[in-house]
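S.K.: Per this note's numbering, the sequence shown starts with residue 469, numbered consecutively.
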Amino acid sequence: MNEIIDHDKITSQIQAFLDKPHGHFIDGQWIDGKSGKPIDVISPATGNIVSSIQSGDGDDVDKAVAAARRAFDSGVWSKVLPVERARIMFKLADLIEFHASQISQLEALDIGVSRHMMETIGVKLSANQLRYYAGWVTKINGETITNSRPRPEGREFLTYTEKEPVGVVGQIIPWNFPFAMAVQKIAPALAAGCTIVMKPAEDAPLSTLYLADLIAQTGLPSGVFNLVNGYGRKAGAAIAAHEGVDKVSFTGSTDVGKEIIRSATGNLKRTTLELGGKSPVILLKDADLDEAIPAVARAIFFLSGQNCMAGSRLLVHGDIYDRVLEGLVTLAKSMTIGADMTGTYDIGPLISEKQLTRVLAYIDIGISEGARLITGGKRVEKLPGFFVEPTIFADCNSGMRIVKEEIFGPVLTVQKFNSDDLDDIAALANDNIFGLSASVWTADLAQGHKLARKIKSGQVGINIHAAIDPATPFGGYKQSGWGREFGREGLEPYLETKAITAYL
Ligand code: NAP
Ligand code: MG
């Protein structure tokens with residue numbers, strides 16, 4: 469394994485951004501919070517403090533919700549011509565692309581992701597997410613309903629539906645791919661005409677703060693987008709419980725998702741949840757291994773496994789089991805580990821010391837459960853940040869905690885199956901509380917489609933893992949969440965349906 473660390477190549481513009489005070493963005497302005505207490509922003513590649521944000525509390529959330537409510541009720545956003553809403557969203561998409569370098573530097577610094585990958589994939593995906601939803605703004609329609617109510621002779625009914633924005637929405641995002649998370653949350657909300665109070669994760673707020681600066685340049689009316697920094701248990705919990713918030717959209721862990729539901733009961737706010745995963749990657753015996761083995765490695769090791777769709781449970785037919793293990797070990801050993809502003813590495817750091825400790829604890833659990841560690845398993849001591857080697861456990865079974873629980877690190881578990889019966893294979897794949905993503909690898913597409921139908925998961929790839937696209941609905945079965953993001957289905961949770969009936 470090679471190690472690279474070269475984290476100092478940021479521009480003076482980005483250094484100035486890091487040095488500026490970061491309060492909360494409320495009603496179109498950066499303001500200091502009531503408590504004003506700082507939270508250090510740490511680079512996971514070095515463990516160094518690179519910036520600071522304020523720790524927001526209930527008072528700050530109150531202010532942000534009040535601004536969002538005023539903006540919503542005034543109609544400055546929900547009632548403008550749909551083409552104008554779309555125009556501002558297109559403008560933000562263009563601005564994001566124009567600032568690709570700045571956004572990518574911040575994301576690389578804050579989460580250790582490859583700057584090159586951000587510039588070429590992450591930023592573009594986010595801009596296109598906005599463009600996709602900007603396209604919906606002019607196509608949000610109700611329908612006319614054929615009504616069978618009894619009616620007096622000579623009278624008729626006209627029944628139709630109209631779509632209205634839900635109102636003020638709270639959006640809480642995680643740290644693992646924060647810029648894309650922030651944009652994918654605001655895009656459908658803005659398209660629907662809602663106003664927003666967002667809370668980024670305190671572990672990785674920087675690119676979302678930069679997004680707020682870009683939003684301020686688009687002409688979006690003040691109060692439509694607001695941002696409160698701070699800890700989840702304070703600022704996040706205040707948003708989830710706030711009576712003035714009509715809907716909350718949360719991406720994060722399943723445990724916190726359950727807390728969000730409990731908090732949301734006060735005013736029965738609408739709730740969508742994108743939660744954890746333990747996604748199976750299934751290799752049938754006729755899979756093209758030249759394609760599948762590198763794809764399996766990407767599916768688990770992208771973002772060091774800190775990815776809700778990570779293909780963390782590999783299920784392999786016995787006929788190809790040894791070849792697959794050998795191929796994966798060779799690949800894992802050749803990976804470059806580090807964090808480099810030029811982006812020439814395969815495995816970056818984990819987000820924090822806490823996450824590092826958690827992942828190493830799971831590796832110990834795997835060893836004590838009797839799983840066979842075939843590569844990795846250790847912290848990279850030579851590097852200053854929070855790095856763990858790409859790790860693979862073979863000979864796992866569904867009863868093991870490392871197979872059941874989401875580790876959110878570069879740890880792959882491998883299970884062998886010998887049956888060719890699709891029901892047996894699906895049962896193995898479905899033997900988990902999560903159901904976010906899955907993939908099936910086979911040369912027989914009919915078999916692939918049949919197995920896809922049997923898998924309880926919001927997304928199934930056939931000879932591809934995690935085929936994300938703005939138009940394709942994304943979300944979880946079972947404890948991976950409620951509702952969908954992306955696509956038309958991702959817009960619906962931001963709309964209410966009103967049915968209107970008149971005698972004619
Ligand atoms: P997390 O601990 O659940 O935190 C997510 C966000 O919620 C953060 O902004 C956090 O704030 C906030 N939060 C924490 N406690 C809260 C509370 N009591 N009330 C309201 N907000 C609260 O998750 P994470 O560790 O950041 O992210 C990893 C998890 O996210 C994984 O389980 C992963 O699978 C999931 N995820 C899912 C998807 C998906 O689309 N399905 C995508 C990415 C990640 P602070 O951290 O700032 O305190
Ligand atoms: Mg950070």
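Even for Gly, the Cβ is constructed at its ideal location relative to N, Cα and C. All of these numbers come straight from a predicted model, not from anything done at the bench.
Is Glu742 a contact residue of ligand 1, with contact defined as CB to any heavy atom under 7 Å?
M.R.: yes
S.K.: Let me check understanding here. Comparing Cα to Cα, which of Gln570, Gly515 and Arg921 lies closest to Glu849?
M.R.: That would be Gly515, whose Cα lies nearest to the Cα of Glu849.
S.K.: Spell out a yes or no on whether the stretch 893-911 and the stretch 746-766 are touching, meaning 3 or more CB-CB pairs, one atom from each, closer than 8 Å.
M.R.: Contact annotation: the stretch 893-911 touches the stretch 746-766, with at least three C-beta pairs closer than 8 Å.
S.K.: Can you have a look at Asn470 and say buried or exposed, based on whether 16 or more other CB atoms are within 10 angstroms of its CB?
M.R.: Any reading at Asn470 is ruled out, since the residue's pLDDT is 44, under 50, leaving its predicted position unreliable.
S.K.: Whole angstroms are fine: how far does the CA of Gly543 sit from the CA of Gly853?
M.R.: CA-to-CA, the gap between Gly853 and Gly543 works out to about 48 Å.
S.K.: Could you tell me the boundaries of the alpha helix (DSSP H) in which Glu575 lies?
M.R.: Ala568 to Ile579
S.K.: Between the Cα of Tyr962 and those of Met585, Met557 and Lys653, spot the shortest distance and give me the residue it belongs to.
M.R.: Lys653
S.K.: Within 7 Å: the Cβ of Val904 and any heavy atom of ligand 1?
M.R.: A quick correction: the sequence has Leu, not Val, at residue 904. Yes, since a heavy atom of ligand 1 falls inside the 7 Å radius drawn around the Cβ of Leu904.
S.K.: Roughly how many angstroms separate the alpha carbons of Phe718 and Ala732, rounded to a whole number?
M.R.: Note on geometry: alpha-carbon atoms of Phe718 and Ala732 lie some 11 Å from one another.
S.K.: Since Ile923 and Ala894 are thought to touch, with beta carbons under 8 Å apart, how far apart are those beta carbons, to the nearest angstrom?
M.R.: 6 Å
S.K.: Using 7 Å as the cut-off, classify the Cβ of Trp643 as near or not near the heavy atoms of ligand 1, replying yes or no.
M.R.: Yes, the beta carbon of Trp643 sits closer than 7 Å to at least one heavy atom of ligand 1.
S.K.: Going along the chain, which residues of its own chain have a beta-carbon closer than 6 Å to the beta-carbon of Leu677, five neighbours each way excluded?
M.R.: Result list for Leu677: His490, in chain order.
S.K.: With C-beta atoms as the reference, is Pro673 less than 8 Å away from Val928?
M.R.: No. Outside cutoff.
S.K.: Can you give, in chain order, each stretch of the beta strand (DSSP E) that sits fully within the stretch 867-927 and has at least 3 residues?
M.R.: Here the runs fully enclosed are 879-885 and 905-909.
S.K.: When DSSP builds the beta bridges, which residues end up paired with Lys966?
M.R.: According to DSSP, which records beta bridges pairwise, Lys966 is partnered with Glu630.
S.K.: On the DSSP bridge list, what partners appear for Tyr945?
M.R.: Gly903
S.K.: Leaving out the 5 sequence neighbours to the left and right, which residues in its chain are closer than 6 Å to Pro656 when beta-carbon positions are compared?
M.R.: Tyr601, Gly958, Leu959 and Tyr962
S.K.: Should Val827 be listed as close to ligand 1, given that the test is whether its C-beta is under 7 Å from any heavy atom?
M.R.: Val827: no, Cβ never under 7 Å from ligand 1.
S.K.: Can you tell me whether Glu960 sits near ligand 1, meaning its C-beta is under 7 Å from at least one heavy atom of the ligand?
M.R.: no
S.K.: How should Tyr789 be labelled, buried or exposed, when 16 other C-beta atoms within 10 angstroms of its C-beta is the threshold for buried?
M.R.: Label assigned to Tyr789: buried.
S.K.: Could you tell me how far apart the beta carbons of Val749 and Ser616 are, in whole angstroms, since I believe they sit closer than 8 Å?
M.R.: Their Cβ separation, rounded to whole angstroms, is 49 Å, which puts Val749 and Ser616 out of contact at 8 Å.
S.K.: Could you give the residue range of the alpha helix (DSSP H) that holds Ile761?
M.R.: Leu757 to Phe769
S.K.: Have a look at the DSSP bridge pairing and note the partners of Val713.
M.R.: According to DSSP, which records beta bridges pairwise, Val713 is partnered with nothing at all.
S.K.: In chain order, which continuous runs of the beta strand (DSSP E) of length 3 or greater are located wholly inside the stretch 681-757?
M.R.: 693-695, 715-719, 738-742 and 748-751
S.K.: Only counting the same chain, and skipping five residues up and downstream in sequence, which positions put a Cβ closer than 7 Å to that of Tyr971?
M.R.: Correct list, in chain order: Arg623 and Phe625.
S.K.: Output needed for Val605: all residues of its chain with C-beta closer than 6 Å, excluding positions within five of it in sequence on either side, in chain order.
M.R.: Taken in chain order, the residues that qualify are Pro550, Arg553, Ala554 and Ala659.
S.K.: Beta carbon of Ala732: closer than 7 Å to some heavy atom of ligand 1?
M.R.: no
S.K.: What does the Cβ neighbour count give for Lys884, buried or exposed, with the cut at 16 atoms within 10 Å?
M.R.: buried
S.K.: Since Gly446 and Gly943 should fall inside the 8 Å C-beta cutoff, what is the C-beta to C-beta distance between them, to a whole number of angstroms?
M.R.: The first residue shown for the chain is 469 and the last is 972, placing residue 446 beyond what the model contains.
S.K.: For Arg781, which beta-bridge partners are listed by DSSP?
M.R.: Pro748 and Thr881
S.K.: Could you check whether the Cβ of Thr719 sits closer than 7 Å to any heavy atom belonging to ligand 1?
M.R.: yes
S.K.: Report the three-state DSSP secondary structure of Trp545 (helix, strand or coil).
M.R.: Under the three-state reduction of DSSP, Trp545 is assigned to coil, being neither helix nor strand.
S.K.: Closer than 7 Å: is that where the CB of Gly704 sits relative to any heavy atom of ligand 1?
M.R.: Result yes, Cβ under 7 Å from ligand 1.
S.K.: Identify whether Tyr971 lies in helix, strand or coil by the three-state DSSP scheme.
M.R.: strand
S.K.: Lys746 and Asp714 look like a contact to me (Cβ under 8 Å); what is the Cβ gap, rounded to whole Å?
M.R.: A Cβ-Cβ separation of about 32 Å leaves Lys746 out of contact with Asp714 under the 8 Å criterion.
S.K.: Answer yes or no: the CB of Glu727 versus the heavy atoms of ligand 1, is any distance below 7 Å?
M.R.: yes
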